[in-house]
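The structure under discussion appears below in the form of structure tokens.
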Amino acid sequence: MLTINLNAIQSNWLQLKSLASSAQIAAVIKANAYGLGAVRVGQALYAAGCREFFVATLDEALSARKFLPAEVNIYVLGGIRNGEERDFIVARLVPVLCSVSGIKSWAKINADMGLAMPSAIKVNTGMTRFGLDVDEFKIFCCDKNLIKTVNPVLLMSHLACADEPDHPLNESQLEIFQSCVSLMRNVKPEIRFSLANSSGVFLGEQWHFDLVRPGAALYGIAPNTDITNPMKAVVKLTLPITQVRRLSEPATIGYGADAILPKGARIAVVAGGYADGINHSLGRNPEGILDGQLVQSIGRVSMDATIFDISGISLSDEQLLQSNIEVINDELTLDYLSRKNKLLGYEVLTSLGNRYPREYLLGVSHG
Numbered sequence: 067m068l069t070i071n072l073n074a075i076q077s078n079w080l081q082l083k084s085l086a087s088s089a090q091i092a093a094v095i096k097a098n099a100y101g102l103g104a105v106r107v108g109q110a111l112y113a114a115g116c117r118e119f120f121v122a123t124l125d126e127a128l129s130a131r132k133f134l135p136a137e138v139n140i141y142v143l144g145g146i147r148n149g150e151e152r153d154f155i156v157a158r159l160v161p162v163l164c165s166v167s168g169i170k171s172w173a174k175i176n177a178d179m180g181l182a183m184p185s186a187i188k189v190n191t192g193m194t195r196f197g198l199d200v201d202e203f204k205i206f207c208c209d210k211n212l213i214k215t216v217n218p219v220l221l222m223s224h225l226a227c228a229d230e231p232d233h234p235l236n237e238s239q240l241e242i243f244q245s246c247v248s249l250m251r252n253v254k255p256e257i258r259f260s261l262a263n264s265s266g267v268f269l270g271e272q273w274h275f276d277l278v279r280p281g282a283a284l285y286g287i288a289p290n291t292d293i294t295n296p297m298k299a300v301v302k303l304t305l306p307i308t309q310v311r312r313l314s315e316p317a318t319i320g321y322g323a324d325a326i327l328p329k330g331a332r333i334a335v336v337a338g339g340y341a342d343g344i345n346h347s348l349g350r351n352p353e354g355i356l357d358g359q360l361v362q363s364i365g366r367v368s369m370d371a372t373i374f375d376i377s378g379i380s381l382s383d384e385q386l387l388q389s390n391i392e393v394i395n396d397e398l399t400l401d402y403l404s405r406k407n408k409l410l411g412y413e414v415l416t417s418l419g420n421r422y423p424r425e426y427l428l429g430v431s432h433g
């Protein structure tokens, strides 16, 4: 069972809003809200007051248009691919234009249709992934007719090292972005600006500008390495025990026979394996909590099952078959799993798959 606390997601968004009080607070719900369910998460965030959402693809955006009210702004971080332009216009989506070709494509469809549908422009300030290079951006700023045609309503960039507050690239990216802000203000004074992601919110007000775009922190992931995680935990994952064995003699465990337990050992087989992301999200040797005690997996994780050594657990077989092993909870947190397995928190979340029964703890409307 994957339990998702919508109220905690709402509380995390409101906390970020209080920290960046001079800016608008968007929400990143790409990749199915980091695997937690974009429909339920998006609607909960809207109920908390969020009115601007970021997704990665056209398909995600079209889906969001169906479950979010018409008033919200939906930005598509992946920009426009060939042939998608009219879909963006019909659904009133805002493409994040990251290249000269993307800008030309949006300008052409607007010109052909006699429109000036809005866009966002992304500039590369040091991450060197998506975005116009600074020289390309300077050329763009000199073309007033092009700017009018693509109608940019947001200029944005993305921080590469905001989870490390003392990293010198944070200041460097801020300086480059500020220079781009100055250029754009001269040609389109009413445009808004956005630099900070989740971790950027905690760098300080200079990084906030007009709009911040939290993603990971909404879902309980620590925003930086220097402070105790201030975000509320959002997920709990429990795996049901489907079989219990007490070994009458020493036995090999699982594929490859690369684990052996002695006579008298007790094992529990749980529903959940690498098809559910267990080996990736929880590591090669997952841990769990059973009856308040830490238990360790043994042997290789299978496609649909994982085996735990429960020799120290006193519950009867009947009790165990009515029990679950908790593998993500308030003790085995996303931060703990990230450190243990050298993963990012959102790698853990997006690896969980779709086969778990899901329970949503309801959020509330904040008006």
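All letters in the sequence shown, in the order written, are residues 67 to 433 by the numbering used here.
Note that CB positions come from ideal geometry on N, CA and C, so glycine has one too.
Item	Value
Reduced DSSP category for Ser363 - H, G, I as helix; E, B as strand; rest coil	strand
Coarse secondary structure for Pro234, derived from DSSP in three states	helix
Three-state secondary structure (DSSP) of Gln244	helix
First and last residue of the uninterrupted alpha helix (DSSP H) at Val200	Val200 to Cys207
Inter-residue spacing [alpha-carbon to alpha-carbon] between Lys448 and Leu398	Not covered by the structure: residue 448. The range shown for the chain is 67 to 433.
Counterpart residues of Tyr141 in DSSP-defined beta bridges	Phe120 and Val160
Residue burial classification, Leu269 (beta-carbon count within 10 angstroms, cutoff 16)	buried
contact_flag[the region 371-389, the region 282-302] where n(CB pairs < 8 Å) is 3 or more	no
Where the beta strand (DSSP E) through Ser260 begins and ends	Arg258 to Ser260
Ala127 vs Ile140 beta-carbon contact at 9 Å	yes
Same chain, Cβ closer than 8 Å to Lys477, five either side skipped, listed in chain order	Summary: the structure shown does not reach residue 477, with the chain confined to residues 67 through 433, and so no result is reported for it.
Strand pairing of Met222, partner residues [DSSP]	Lys188 and Ser260
Start and end residues, alpha helix (DSSP H) containing Lys329	Run containing Lys329: none; DSSP gives neither H nor E here.
Nonlocal neighbours in the same chain, by C-beta distance under 7 Å from Lys406, ignoring five residues either side	Gly349
Val301 burial status per 10 Å Cβ neighbour count (16 or more: buried)	buried
Cβ neighbour criterion (16 or more within 10 Å) applied to Tyr321	exposed
Own chain, CB closer than 6 Å to Arg106, minus 5 neighbours either side, in chain order	Tyr426
Where Leu212 sits in the DSSP three-state scheme	helix
Cutoff 6 Å; reference Thr318; Cβ partners in own chain excluding five residues on either side	Ile326
Proximity to Gly149 [Cα-Cα], best of Ile75, Lys174 and Val138	Lys174
Val94 and Gly286 closer than 9 Å at C-beta	no
Close beta carbons around Ser265, own chain, < 6 Å, minus the five adjacent residues each side	Ala228, Asp229, Pro289 and Asn290
Own chain, CB closer than 7 Å to Gly145, minus 5 neighbours either side, in chain order	Pro161, Val162, Leu163, Cys164 and Gly168
Rounded C-alpha distance that separates Thr308 from Trp172	55 Å
Buried versus exposed call for Val156 [16 or more other C-beta atoms within 10 Å across all chains shown]	exposed
Whole-angstrom C-beta distance between Ile70 and Gly506, which should lie under 8 Å	In this structure the chain extends from 67 to 433, so residue 506 is not present and cannot be described.
Buried or exposed by the 16-neighbour rule on C-beta atoms within 10 Å, applied to Glu392	buried
Bounding residues of the alpha helix (DSSP H) (the contiguous stretch that carries Asp375)	First-last for Asp375: Ala371 to Asp375, but that is the beta strand (DSSP E), not the alpha helix (DSSP H).
Beta-carbon gap between Val247 and Phe275 smaller than 9 Å	yes
Cβ-based neighbour list, Leu403, same chain, cut-off 6 Å, excluding 5 preceding and 5 following	Val414
Selection from Leu111, Asp201, Asp178 and Asn345 that minimises the alpha carbon distance to Glu151	Asp178
For Glu353, the first and last residue of its enclosing beta strand (DSSP E)	Glu353 to Leu356
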